[in-house]
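In our numbering, the protein residues as written are 522 to 1230.
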């Protein structure tokens, strides 16, 4: 193989995805294509293939067809294989936990997966080469050797042993004590015992470092031999320097058990380590805390500053967590200044003598606290971590603030199962998020009940689209001066196993688990189709459609909207997209560009929940928007609360000044209507006029429009 040429990758797919091909091309690798089992086998036999990438999305039967193809074309394949699929759960069930197959559900991760696979393969090859050298040395009697007469105490060795032990070049001048003097102090007792026992042995130990050499590891084997005819008993030994082999094993272990970004242990390490910790705590009757930690709104950093900045932040978070869990630290972090981060290759080990920090992936971490005297000790550490993470970080000139939500489960109070403790800390962490973030929660029975409910909702939501459990109702928007219905807002409803689930309960679950994006697309498509159906029936009804913050931040959101408008045939001017003020303010510059692209499609834009996002007047005036929707909390208290009245009046005046339509949400009483009319608010919606109603009822209630309206 020509070492200077880029590695060769076999891409298996009927018609590979163009974006996948471009991703592979960007790595500089050489790529060959194949699709038939016989051709695959020929290429693997004739070419120096280093990696296999399978685009499973291009096979009609998905992962099952890929598995069959790999078995027929590569029955004895040991090469690293990456399979890109749509349904990762089905793929895992088919391929199992094979270490040779890595499954991806997002081709954007392909470049990183390819680099990691090739790097791991190289480490394995280095290890195999080291093992080959070891075997060859045994065959060629290339060991350092020694012999020791147990009767006369005479010790003799070859020059290779003197070289390994750095004892000098004079043959025969060294004694057993001289060798022991070169052994690493931590291993000296093991080696001394082996010699004093005067018996056959095989031991592995380290030699101390010298000015010329680092610490080395050797393998020593010895056997008893009795000479004939004098009967002298000797111990014959060989020593092999296996430092390279140990280094290769260490590198492999680091790849397997440590996170390459932060240097913290990873999920694989956690599974084994937590079981050992709990086992030791059971034997010693000690208390252990398991903390689940998630950064609050971390995605905002990636969206605004980029993934490189997000990686820098994660490294600093890992450093701060690791320092915070060390025993003996003060509870109150010192200093209030910012930390200015520059790209660096250094990282923290994350493993304290007793406490351990683990990165699960993304912005999720696990902290294991050992030998706690009381549950309050875990609270002290949780507060310390939160305090240290609250200090600002300067990343590439931008000051960034983050906070965290922490869930805590305890052994033995909550469970003695490592798996259950992890689940419980996760449930408590989500409880902390629901309580407003930037806090911590201990696991409890009530949290368990809510977690089970949340898990049930999550499982149900995953199949809600396929089972046709979702539907839309439409809440009329009314012109206050006449009571005329002039539009509507599409509202999502979900009925699961006969139970009507409140949007306030299932929408947060969909947001947390990333299900809101496909659900939001379903809402947009069905609402647009309904608007078009009304238009064909002679009713031109203007409908507002809610867009989640996560959906709005998707890079292909505008393209998806354009596609749905085209495919449904809806008139764009009858579609209004509602985006919350908070979502717009979190990514102001990017949000403005997205809104401008949406406006270019012909839709109108409403700022939802206005009054909660602290928009500046100058910034609001630059936004390409059409409507302000006053947050329901202000409208609900407008009659009884002077502050809410003042805010509501200011929003109405602001909207009129900017030429925007003003809609009051959540109107429930005549007093609220009277006040809104008095202040000049033109439109409203709420239970005072109507709840959400089915499409056919809205059509009947809506004033007929000319067909060409």
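All C-beta atoms in this analysis are idealised placements derived from N, C-alpha and C, irrespective of residue type, glycine included.
Residue i versus the options, residue with shortest Cα-Cα distance
| i | options | result |
| --- | --- | --- |
| residue 598 | 809, 570 and 607 | 570 |
| residue 966 | 587, 930, 602 and 1159 | 930 |
| residue 1069 | 1029, 581 and 1196 | 1029 |
| residue 578 | 603, 820, 1035 and 592 | 603 |
| residue 1206 | 1097, 995 and 1181 | 995 |
| residue 776 | 573, 616, 759 and 641 | 641 |
| residue 572 | 558, 586, 623 and 615 | 623 |
| residue 817 | 802, 805, 1065 and 885 | 885 |
| residue 945 | 935, 1098 and 1046 | 935 |
| residue 1021 | 955, 990 and 669 | 990 |
| residue 926 | 920, 913, 908 and 915 | 908 |
Presumed contact (8 Å Cβ cut-off) between residue i and residue j, rounded CB distance
| i | j | result |
| --- | --- | --- |
| residue 1262 | residue 890 | The requested residue 1262 is not part of the displayed model; the chain covers only 522 to 1230. |
| residue 644 | residue 787 | Not really, about 16 Å apart at Cβ, beyond 8 Å. |
| residue 550 | residue 530 | 5 Å |
| residue 1116 | residue 1146 | 7 Å |
| residue 795 | residue 1024 | In fact, because the Cβ distance is near 37 Å, the residues do not count as touching under 8 Å. |
| residue 761 | residue 651 | Actually they do not touch by this definition, with Cβ atoms about 11 Å apart. |
| residue 1183 | residue 1173 | 5 Å |
| residue 1062 | residue 1052 | 6 Å |
| residue 1127 | residue 1065 | 6 Å |
Length of the line joining the Cα atoms of residue i and residue j
| i | j | result |
| --- | --- | --- |
| residue 850 | residue 918 | With a pLDDT of only 40 at residue 850, under 50, the local geometry of the prediction cannot be trusted, and no value is derived from it. |
| residue 811 | residue 887 | 7 Å |
| residue 839 | residue 808 | 24 Å |
| residue 1185 | residue 968 | 36 Å |
| residue 1003 | residue 830 | 53 Å |
| residue 957 | residue 1204 | 32 Å |
| residue 1123 | residue 1103 | 24 Å |
| residue 608 | residue 1026 | 26 Å |
| residue 534 | residue 563 | 16 Å |
| residue 985 | residue 1012 | 16 Å |
| residue 972 | residue 1100 | 29 Å |
| residue 943 | residue 735 | 40 Å |
| residue 1217 | residue 993 | 12 Å |
| residue 1041 | residue 1078 | 10 Å |
| residue 606 | residue 552 | 20 Å |
| residue 1151 | residue 1131 | 5 Å |
| residue 674 | residue 664 | 22 Å |
| residue 719 | residue 743 | 9 Å |
| residue 800 | residue 937 | 9 Å |
| residue 869 | residue 783 | Residue confidence for residue 869 is low, a pLDDT of 41 falling below 50, so the modelled location carries little weight; the figure read from the coordinates is stated next. Straight-line Cα distance between these residues: approximately 7 Å. |
| residue 922 | residue 960 | 15 Å |
| residue 1201 | residue 1160 | 16 Å |
| residue 626 | residue 1071 | 19 Å |
| residue 852 | residue 1017 | Per-residue confidence for residue 852 stands at a pLDDT of 30, beneath the threshold of 50, marking its modelled position as unreliable; the derived number appears in the next sentence. Using only the alpha carbons, I get a separation of about 47 Å. |
| residue 865 | residue 745 | Caution is warranted here: a pLDDT of 36 is assigned to residue 865, below 50, making its placement in the model unreliable, and the coordinate value is therefore given only provisionally. Taking the straight line from one Cα to the other gives about 54 Å. |
| residue 1175 | residue 1165 | 15 Å |
| residue 612 | residue 1058 | 46 Å |
| residue 753 | residue 721 | 16 Å |
| residue 1213 | residue 997 | 7 Å |
Per DSSP, cross-strand counterpart(s) of residue i
| i | result |
| --- | --- |
| residue 988 | In the DSSP output, where bridge partners are listed per residue, residue 988 has none listed. |
| residue 1202 | DSSP output for residue 1202 lists no bridge partner at all. |
| residue 925 | 816 |
| residue 576 | 605 |
| residue 919 | 916 |
| residue 809 | 932 |
| residue 1000 | 1005 and 1204 |
| residue 779 | 786 |
| residue 667 | 678 and 758 |
| residue 1101 | 1129 |
Local conformation of residue i per DSSP, three classes
| i | result |
| --- | --- |
| residue 548 | coil |
| residue 1159 | coil |
| residue 792 | helix |
| residue 764 | helix |
| residue 786 | strand |
| residue 674 | coil |
| residue 909 | helix |
| residue 1223 | coil |
| residue 1184 | strand |
| residue 933 | coil |
| residue 1144 | coil |
| residue 1215 | coil |
| residue 844 | helix |
| residue 771 | helix |
Check: residue i C-beta below 7 Å from any heavy atom of the ligand MG
| i | result |
| --- | --- |
| residue 1175 | Judged by which ligands are present, the structure shown has none, so any question about the ligand MG falls away. |
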